[in-house]
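Position one of the sequence shown corresponds to residue 54 (this note's numbering), numbered consecutively onward. The beta carbon of each residue, even a glycine, is placed where N, CA and C say it ideally should be. Worksheet: one structure, shown below.
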Amino acid sequence: MNSISQLRRLGLFDARVPRYTSYPTAPHFGGVGKSDVESWIRAISPGSEISLYVHVPFCRRLCWFCACRTQGTQTASPVAAYLETVKAEIGLLAAQLPSGVRIGHLHWGGGTPTLLEPQMISDLAGAIFDTVPLAEQACFSVEIDPNEVDEPRLDALAEAGLTRASIGVQDFDPLIQSTIGRVQSYEVTRTAVEGLRARGITSLNADILYGLPHQTEARISDSVQQLLSLSPDRVALFGYAHVPWMARRQNMIPTDALPTPEERLRLFEVARELFRWDGYKEIGIDHFARPEDALAVAQSEGRLRRNFQGYTEDQADVLIGIGASAISRFPQGYAQNAPATSAYQAAIRAGTLATSRGHVFTGDDLYRGRIIEALLCDFRVNMDAISERFVVSKAHLDGLARSARAAFPAMLSYDGSVLSVLPEARPLARMIARHFDAYDMEEAGHSTAV
């Protein structure tokens with residue numbers, strides 16, 4: 054039986070499963086309150102390093118393919134008002150944060166963070182660093198929209214200490230760009246890359262999508278080769294998630310122009326081979342990195358992690374999310390701010406945190422979450438190590454491993470300690486991870502498995 058037939062028989066082309074950037078996933082968040090988060094912040098070890106994420110939910114235009122929580126604006130006034138609220142939230146954080154805490158990883162995401170005017174960029178960076186300074190060798194990254202960045206903004210980002218830029222590409226084909234509502238020429242993208250490098254920002258990430266409408270093997274090959282000419286240090290090759298019931302703007306995208314699940318897999322494989330041929334290392338299920346990049350080094354040393362931004366080398370136990378809909382992760386659990394900008398601003402302006410929901414970890418969550426993370430990062434999990442770290446019965450873990458192997462025959466190996474995903478089974482990785490998820494799942498709420 055060939056691999057496509059095996060994958061079809063195991064349900065790859067029909068399944069919808071979470072991306073597992075958290076465990077449990079966000080649909081299972083519930084009762085966590087502001088007092089919980091305040092106590093979790095106070096429990097951070099003095100002098101430790103944390104990570105900070107700042108969400109900027111504004112875009113000049115709303116791309117039709119995007120399912121992120123964003124809102125369009127043509128003026129700077131709502132952005133300025135939002136920024137003042139973010140600075141107030143940072144002040145609330147400062148009131149609870151133990152002394153000596155520093156930032157090891159700082160990321161600004163969106164939306165479009167480069168929609169901020171140069172002075173706004175400087176003000177936001179100043180508000181953060183006056184509260185929590187950067188640690189030595191810290192990483193400060195920002196998501197860059199090449200259509201929404203200019204020389205003054207690049208200057209402001211460089212002066213603020215930017216060390217890594219994450220550039221959204223999606224696809225360079227004009228027909229595909231017009232169909233997904235994201236027109237961005239190769240020349241505009243190259244100008245942004247050259248501007249960043251001219252300012253000493255040499256670490257560059259890029260996002261590109263497979264599974265887009267009208268995408269063919271020839272078209273994705275052309276787009277990947279254009280991207281490779283820009284020599285990014287790492288690339289996220291994400292599958293386009295068509296979820297119009299969650300993101301109404303996706304109704305603008307013609308479903309009859311979308312590739313079939315089998316075609317999606319082939320598009321991924323074409324792009325994958327091009328990255329491999331150019332010397333990139335495969336990182337987990339959908340990332341690629343130069344061998345000297347920190348992500349590739351973390352993988353080789355067994356330190357690769359997975360969080361809301363995807364794969365990361367970040368080892369911090371605490372990630373604090375600032376801004377509307379931002380999610381924080383503490384050793385005790387998850388906490389999410391109010392998703393709506395209006396509700397978020399109302400809470401912060403009233404002098405309280407904007408926490409709207411979250412999840413308190415159980416012992417079950419912690420070991421299952423680590424199994425899922427290990428499978429998606431390393432394609433293998435040492436059940437003996439899980440048993441020792443989380444004080445879980447070896448017999449129980451052995452039963453879980455054998456159950457997974459039975460559910461995916463000839464796709465997993467298990468020697469009584471280490472459960473491994475075979476190379477030909479890697480497209481099934483998220484489905485295999487789902488086997489260790491103890492929560493009920495509504496498949497309609499998730500993206501396709503391939």
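Endpoints, beta strand (DSSP E) assigned at residue i
{"i": "residue 161", "result": "155-163"}
{"i": "residue 362", "result": "From DSSP, residue 362 is part of no beta strand (DSSP E); its letter is neither H nor E."}
{"i": "residue 88", "result": "Residue 88 -> not in any beta strand (DSSP E); alpha helix (DSSP H) instead, spanning 87-95."}
{"i": "residue 382", "result": "380-383"}
{"i": "residue 102", "result": "102-109"}
{"i": "residue 466", "result": "465-467"}
{"i": "residue 520", "result": "For the chain, the structure presents residues 54 to 503; residue 520 sits outside this window and is missing."}
{"i": "residue 372", "result": "372-375"}
Closest by C-alpha distance to residue i, when choosing among the options
{"i": "residue 95", "options": "66, 83 and 147", "result": "147"}
{"i": "residue 168", "options": "150, 196, 371 and 276", "result": "196"}
{"i": "residue 442", "options": "465, 63, 199 and 423", "result": "423"}
{"i": "residue 278", "options": "323, 433 and 313", "result": "323"}
{"i": "residue 250", "options": "298, 271, 283 and 239", "result": "283"}
{"i": "residue 472", "options": "480, 451, 492 and 483", "result": "451"}
{"i": "residue 226", "options": "271, 215 and 187", "result": "271"}
{"i": "residue 220", "options": "425, 280 and 62", "result": "280"}
{"i": "residue 416", "options": "428, 446, 182 and 400", "result": "446"}
{"i": "residue 106", "options": "379, 351 and 91", "result": "379"}
{"i": "residue 346", "options": "366, 330 and 339", "result": "366"}
{"i": "residue 444", "options": "340, 419, 460 and 429", "result": "419"}
{"i": "residue 51", "options": "114, 166 and 149", "result": "Any question about residue 51 goes unanswered here, given that the chain covers just 54 to 503."}
{"i": "residue 334", "options": "315, 370 and 286", "result": "286"}
{"i": "residue 180", "options": "87, 218, 136 and 458", "result": "136"}
Rounded separation between residue i and residue j - CA only
{"i": "residue 321", "j": "residue 374", "result": "31 angstroms"}
{"i": "residue 121", "j": "residue 138", "result": "20 angstroms"}
{"i": "residue 362", "j": "residue 389", "result": "15 angstroms"}
{"i": "residue 475", "j": "residue 171", "result": "49 angstroms"}
{"i": "residue 264", "j": "residue 237", "result": "18 angstroms"}
{"i": "residue 421", "j": "residue 83", "result": "19 angstroms"}
{"i": "residue 175", "j": "residue 210", "result": "8 angstroms"}
{"i": "residue 190", "j": "residue 157", "result": "8 angstroms"}
{"i": "residue 488", "j": "residue 467", "result": "15 angstroms"}
{"i": "residue 332", "j": "residue 230", "result": "28 angstroms"}
{"i": "residue 497", "j": "residue 298", "result": "Since pLDDT at residue 497 reaches only 44, below the 50 mark, its modelled position is unreliable, and no value is offered."}
{"i": "residue 296", "j": "residue 72", "result": "14 angstroms"}
{"i": "residue 376", "j": "residue 199", "result": "23 angstroms"}
{"i": "residue 492", "j": "residue 68", "result": "16 angstroms"}
{"i": "residue 500", "j": "residue 70", "result": "6 angstroms"}
{"i": "residue 54", "j": "residue 269", "result": "Note on residue 54: pLDDT 40, under 50, position unreliable in the model; no value is reported."}
{"i": "residue 397", "j": "residue 409", "result": "9 angstroms"}
{"i": "residue 482", "j": "residue 357", "result": "16 angstroms"}
{"i": "residue 216", "j": "residue 108", "result": "18 angstroms"}
{"i": "residue 440", "j": "residue 308", "result": "46 angstroms"}
{"i": "residue 187", "j": "residue 313", "result": "46 angstroms"}
{"i": "residue 63", "j": "residue 461", "result": "7 angstroms"}
{"i": "residue 303", "j": "residue 152", "result": "45 angstroms"}
{"i": "residue 392", "j": "residue 399", "result": "12 angstroms"}
{"i": "residue 89", "j": "residue 477", "result": "44 angstroms"}
{"i": "residue 61", "j": "residue 81", "result": "29 angstroms"}
{"i": "residue 340", "j": "residue 289", "result": "4 angstroms"}
{"i": "residue 484", "j": "residue 103", "result": "31 angstroms"}
{"i": "residue 465", "j": "residue 427", "result": "14 angstroms"}
{"i": "residue 355", "j": "residue 254", "result": "27 angstroms"}
{"i": "residue 119", "j": "residue 259", "result": "16 angstroms"}
{"i": "residue 403", "j": "residue 140", "result": "14 angstroms"}
Opening and closing residue of the alpha helix (DSSP H) in which residue i lies
{"i": "residue 260", "result": "Segment 256-263 is the beta strand (DSSP E) holding residue 260; no alpha helix (DSSP H) there."}
{"i": "residue 248", "result": "239-251"}
{"i": "residue 336", "result": "Unbroken run through residue 336 is the beta strand (DSSP E), 334-336; no alpha helix (DSSP H)."}
{"i": "residue 56", "result": "56-62"}
{"i": "residue 281", "result": "270-281"}
{"i": "residue 500", "result": "Looking at the DSSP string, residue 500 is not in any alpha helix (DSSP H), and its letter there is neither H nor E."}
{"i": "residue 175", "result": "171-184"}
{"i": "residue 456", "result": "447-460"}
{"i": "residue 482", "result": "482-487"}
{"i": "residue 41", "result": "Here the chain covers residues 54 to 503 and nothing more, so residue 41 does not appear."}
{"i": "residue 4", "result": "No information on residue 4 is available, as it lies outside the stretch 54 to 503 that the chain covers here."}
Integer Cβ distance of residue i from residue j, believed to fall under 8 angstroms
{"i": "residue 116", "j": "residue 233", "result": "6 angstroms"}
{"i": "residue 223", "j": "residue 262", "result": "5 angstroms"}
{"i": "residue 337", "j": "residue 364", "result": "5 angstroms"}
{"i": "residue 267", "j": "residue 327", "result": "Their Cβ separation, rounded to whole angstroms, is 19 angstroms, which puts residue 267 and residue 327 out of contact at 8 angstroms."}
{"i": "residue 546", "j": "residue 207", "result": "Past the boundaries of the shown model lies residue 546; the chain is included only from 54 to 503, so the question cannot be answered."}
{"i": "residue 65", "j": "residue 351", "result": "No, residue 65 and residue 351 are not in contact; Cβ-Cβ is about 28 angstroms, not under 8 angstroms."}
Residues bridged to residue i [DSSP beta-bridge criterion]
{"i": "residue 411", "result": "83 and 388"}
{"i": "residue 220", "result": "197 and 259"}
{"i": "residue 340", "result": "289 and 336"}
{"i": "residue 112", "result": "125"}
{"i": "residue 474", "result": "465"}
{"i": "residue 192", "result": "158"}
Interface flag, residue i vs chain C, CB-CB below 9 angstroms
{"i": "residue 74", "result": "Of the chains in the structure shown, none is chain C; there is only one protein chain."}
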